[in-house]
Structures are given as C-alpha cells and as structure tokens.
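Residue numbers (our numbering): 4 to 397. These notes are about the structure you will find just below.
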Amino acid sequence: MKMEKLSNFLESSKPYFAMISLQFGYAGMNIITKVSLSRGMSHYVLVVYRHAIATAVIAPFAFYFERKAQPRITFKVFMMVFVLALLGPVIDQNFYYAGLKYTSPTFSCAMSNVLPAMTFLMAVIFRMEKLNLKKLRCQAKLVGTIVTVAGALLMTLYQGPVLGSKHIPSHNSYNTDTTGTDRKNYFKGSMFLIIATLAWAGLFVLQAHALKTYKNHQLSLTSLMCFVGTLQAIAVTFVVEHKPSVWKIGFDMNLLAAAYAGIVTSSISYYVQGLVIKKKGPVFATAFSPLMLIVVAFMGSFILKENFFLGSIIGSILIVMGLYSVLWGKHKENIENKVEEIPDVIKSTQVNGDAISRMEDIEADEIEMGKGKGDKLSSMAITMPMKGNQDTKP
4 MKMEKLSNFL ESSKPYFAMI SLQFGYAGMN IITKVSLSRG MSHYVLVVYR HAIATAVIAP
64 FAFYFERKAQ PRITFKVFMM VFVLALLGPV IDQNFYYAGL KYTSPTFSCA MSNVLPAMTF
124 LMAVIFRMEK LNLKKLRCQA KLVGTIVTVA GALLMTLYQG PVLGSKHIPS HNSYNTDTTG
184 TDRKNYFKGS MFLIIATLAW AGLFVLQAHA LKTYKNHQLS LTSLMCFVGT LQAIAVTFVV
244 EHKPSVWKIG FDMNLLAAAY AGIVTSSISY YVQGLVIKKK GPVFATAFSP LMLIVVAFMG
304 SFILKENFFL GSIIGSILIV MGLYSVLWGK HKENIENKVE EIPDVIKSTQ VNGDAISRME
364 DIEADEIEMG KGKGDKLSSM AITMPMKGNQ DTKP
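Structure follows, in structure tokens:
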C-alpha cells in the first residue's frame, strides 16, 4: 500500500520536477550566454548555432523512436511549425539575447517573469483557460499572477541596501546608476525583453495547439521547430550581419554557449516543455519561470559579481507566494475536473448495466419460452404413443 502511494506521488510529481529542473537549465544558459555576448559574439549567430546543434541532437532520437505513423505535413501543419519556429528560435531568442546584452541576467529574468501573466491572458482569450471569478481557484490563479508580476517589478525597480559583500557593479548591470547612453540602452533592452516575452507566451499557447496534431510525436515536432528555426535564423543573420568574421567560432566560451543552449534549453527544454503542456496546459508550464529569476540572482551574485539587494529578497518572496497561488489554483482545477468526470463514468456504467440487465431478461425469457416449448413437445411425444397403444388394444 505504501509503495503504491509512493509510486502515485512520484508519478504526479513528474511535471513539477521537470519544470523546476528546466529553470535551473535556463538559469545556467543566462549566465553562460551573458559572458559570451559580453565578449563580442553576435546573438544572431548564436541563435543559428544553438538551433543547428539542437537539431543535430534531437533529430536522431525522433527518427529512431517516432519514425512510424508520422502526421502528414499539410500546408496547415507546415505553417503551424513555421510560426512556432518564428516565435521561438527567431523572435523570442534574438530579442531576448539583445535585451540580455544591454542589461543583465538578473534583470532579463525579472522582465521575463511577466510570462505567466501574458500566457494566462492569451490562454483566456483563446479559451484554453476558463476564468470564473466566482470560483476560488480562478481567483487564486489571477491573484497569484498579479503577485508574481509585482515581485518581479519590485526586484527591478527597488534596490534597497546591499546585502553581504559589496561587489563592483559591472558595466551592463542594471544596478549601476545609468545616465545618457547607458540609460537609453537600459530602456532599449527592456523593450526587447518585453517583445521576447510576448513571443514566448505565444509559443506556449500555439505549441499546446500543435500537440493535438503531434500527440505521439513530440520529438518530431521539436526537431521540425529547431530545423525550420535554424533556416529562419540563417536568413535573418545574412540580412543583419554583413561581416563573414561573425560566423567564426572556436573551442571557447562561444562554442560552450551555443552547445549548452542548443542541447539543454532548446532540444531538451522544447521536448520536456511539450510533455508538460500536453499534461498540465500552458499556464502550468509558465508558472515556474519565476524560479529562474531566483536562481540567476544567486548565481549572478557569485559568478558575475552582481550586487544583491534587499529588494531582490522581498521580490523573491513575493514571486514564490504568487507561484504557489497559481499552482494551488491549477491543483484545485485538476481535482474539480476529475470529480466532474466521475458522473459521466457512472452514467455510462448505468447505461451499460441497464443494457446488460435487459439482455439478461431477454435471455431468461427465451429460456423460459424454450422450456415451455420443450414441455409441450415432450407431452406430445408422450401422449401420441399412448393413443397408438389404445388403438391397438382389442
């Protein structure tokens, strides 16, 4: 009994562990990519290499495990994959890397924490989420989203006293007192990050729709997204970057950034993200993104020597509270959905039971009728010889 409970707990906890693990992967990507971009690597080229590596890693698995019964690539399916690749690999990542270059990893993560709010809003618009403010679970999701965004904004706008040792702020850090050009770059980076987050939210919503077609072929969908995204990114890079030297890459931090991003935050994350969206929905998947901010804030403090402020502590607490509220609302929604499914099962069982009982009654009647006929035949068989015997008597 205990083993069964443990097994059920581990099974139900898989989506939570998967999304938490992805946030640590995203956090590492932010730190490594920031170092690479600070050394002069073009973020357009980084996007190309990232998805070329992702395609090379995930495509063999898709071919081996999912080569049978592949969905037909109609024009509608192709356009869906094309838009997915445009939203994710091209728009989201190019604008996110540009915003990361002008700001800092912690600030970029803070701005991207409006993702749950944007995804929730899009899901409501496209009727993927039901918003009934009379129900407590819907109120919890709405309030949790607002609290999460408030915590991210607090981390962005309020610094407070420095906690721990005072590091020398980096040039690109948002903790510095920016003036002139730096302040313009700060604003420009913020706008880039907002555009990236909008594209990311659209990716989650559209991916949930695409998984209806690729229900049993998530690896294939991931491979197509990365491959088409690579072609699109190459076209964008040729238009924007005119120097052949930007394509040069060696065994250095640039290669590490491209390989890490391609393997961890493209191939693996797209696939795992698709599995979680299929099981729990797009809002659940995006609700974990605030954890990335907390991880990056601590990693940035130790690795990039970013200052850690009191505002970050308070903002992190609010983000965790908001995240818990959203997850609690989703948990209650799942319980209600399971409860609503039970009457339907009972009804179908009752209908099947009535049909079975009726069949049993019919069979019983047929048996009784058979018995009646059998009795008549037997009586006839008995009486006929008796008449014969009577006729032969003298």
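Ideal Cβ placement from N, Cα and C applies to all residues, glycine included.
Would you kindly report the start and end of the unbroken alpha helix (DSSP H) that includes residue i?
i, result
"Lys5", "5 to 41"
"Gln221", "221 to 243"
"Met125", "118 to 128"
"Thr408", "There is simply no residue 408 to check, as the chain begins at 4 and stops at 397 in what is shown."
"Pro108", "108 to 115"
Between the Cα of residue i and those of the options, spot the shortest distance and give me the residue it belongs to.
i, options, result
"Val84", "Val299, Gly253, Leu330, His212", "His212"
"Leu118", "Lys218, Ile316, Val150, Val93", "Val150"
"Asn33", "Met324, Val298, Ala202", "Val298"
"Met114", "Ile338, Ala261, Glu339, Leu294", "Leu294"
"His54", "Ser315, Ala300, Phe230", "Phe230"
"Gln235", "Asn97, Thr289, Lys37, Val38", "Asn97"
"Asn2", "Gly284, Ile56, Ser319", "Limits of the chain in this structure are 4 at one end and 397 at the other, which puts residue 2 out of reach."
"Gln26", "Ser269, Gly314, Glu339, Leu313", "Ser269"
"Leu87", "Leu278, Asp255, Leu209, Glu339", "Leu209"
"Tyr47", "Pro18, Ser226, Glu244", "Glu244"
"Ile76", "Ile128, Trp331, Leu224", "Leu224"
"Tyr67", "Val279, Leu222, Ser319, Asn257", "Leu222"
"Val51", "Val146, Val249, Phe64, Phe78", "Val249"
"Ser319", "Met44, Val152, Pro108, Leu214", "Val152"
"Val127", "Ile61, Ala204, Asp95, Gly43", "Ala204"
"Tyr19", "Leu278, Leu296, Lys191", "Leu278"
"Lys37", "Thr109, Phe64, Lys79", "Thr109"
"Ala238", "Phe78, Ile94, Ala72", "Ile94"
"Thr233", "Lys191, Gly265, Ala30, Gly31", "Gly265"
"Gly192", "Met44, Ser107, Tyr263, Arg70", "Ser107"
"Ser45", "Ala262, Lys246, Arg140, Met324", "Lys246"
"Ile198", "Arg140, Ala262, Phe129, Leu103", "Leu103"
Rounded to the nearest angstrom, what separates residue i and residue j at their Cα positions?
i, j, result
"His334", "Gly253", "47 Å"
"Ile405", "Gln276", "Beyond the ends of the chain as shown, which are 4 and 397, falls residue 405; an answer cannot be given."
"Met131", "Val329", "16 Å"
"Gly28", "Leu40", "18 Å"
"Ile23", "Phe291", "7 Å"
"Phe287", "Ile322", "15 Å"
"Thr179", "Thr200", "For Thr179, the predicted model reports a pLDDT of 42, less than 50, meaning its position is unreliable and no value from the coordinates is stated."
"Lys8", "Thr148", "32 Å"
"Leu136", "Asn219", "35 Å"
"Leu206", "Leu326", "21 Å"
"Leu13", "Ala143", "25 Å"
"Gly183", "Lys251", "Low confidence applies here, because Gly183 scores a pLDDT of 48, under 50, leaving its location unreliable; read the following figure in that light. Cα-Cα distance, rounded: 33 Å."
"Thr289", "Lys281", "13 Å"
"Ser176", "Lys5", "Note on Ser176: pLDDT 42, under 50, position unreliable in the model; no value is reported."
"Leu156", "Ala101", "20 Å"
"Ser10", "Ser16", "10 Å"
"Pro92", "Ser226", "12 Å"
"Asn340", "Lys138", "14 Å"
"Gly332", "Val146", "10 Å"
"Leu258", "Leu196", "24 Å"
"Ala21", "Ile271", "11 Å"
"Ile56", "Phe64", "14 Å"
"Met121", "Arg42", "33 Å"
"Phe241", "Phe81", "23 Å"
"Leu296", "Cys112", "5 Å"
"Leu124", "Leu89", "21 Å"
"Lys215", "Gln73", "13 Å"
"Gly154", "Ile61", "36 Å"
"Leu134", "Pro164", "40 Å"
"Ala30", "Val267", "11 Å"
"Ala59", "Asp255", "20 Å"
"Met194", "Ala202", "13 Å"
"Glu409", "Lys79", "In the structure displayed, the chain extends from 4 to 397; residue 409 sits before or after that span and is not available."
So, under 8 Å CB-CB, residue i and residue j are touching, yes? Tell me the CB distance rounded to an integer number of Å.
i, j, result
"Tyr105", "Asn188", "4 Å"
"Ile35", "Ala300", "Not a contact, Cβ separation roughly 16 Å."
"Met228", "Tyr273", "6 Å"
"Gly314", "Tyr217", "No, Gly314 and Tyr217 are not in contact; Cβ-Cβ is about 43 Å, not under 8 Å."
Is residue i near the ligand NAD, with its Cβ less than 8 Å from a heavy atom?
i, result
"Phe85", "Questions concerning the ligand NAD fall outside what the structure shown contains, since it holds no ligand whatsoever."
> Which parts of the segment 245 to 330 are runs of the alpha helix (DSSP H), unbroken and 4 residues or longer, counting only runs that do not cross its ends?
Replying inline: 256 to 265, 272 to 283, 285 to 289, 292 to 305
> What are the uninterrupted segments assigned as alpha helix (DSSP H) that are 4 or more residues long and contained completely in the segment 77 to 101, given in chain order?
Replying inline: 78 to 88, all fully within the segment 77 to 101.
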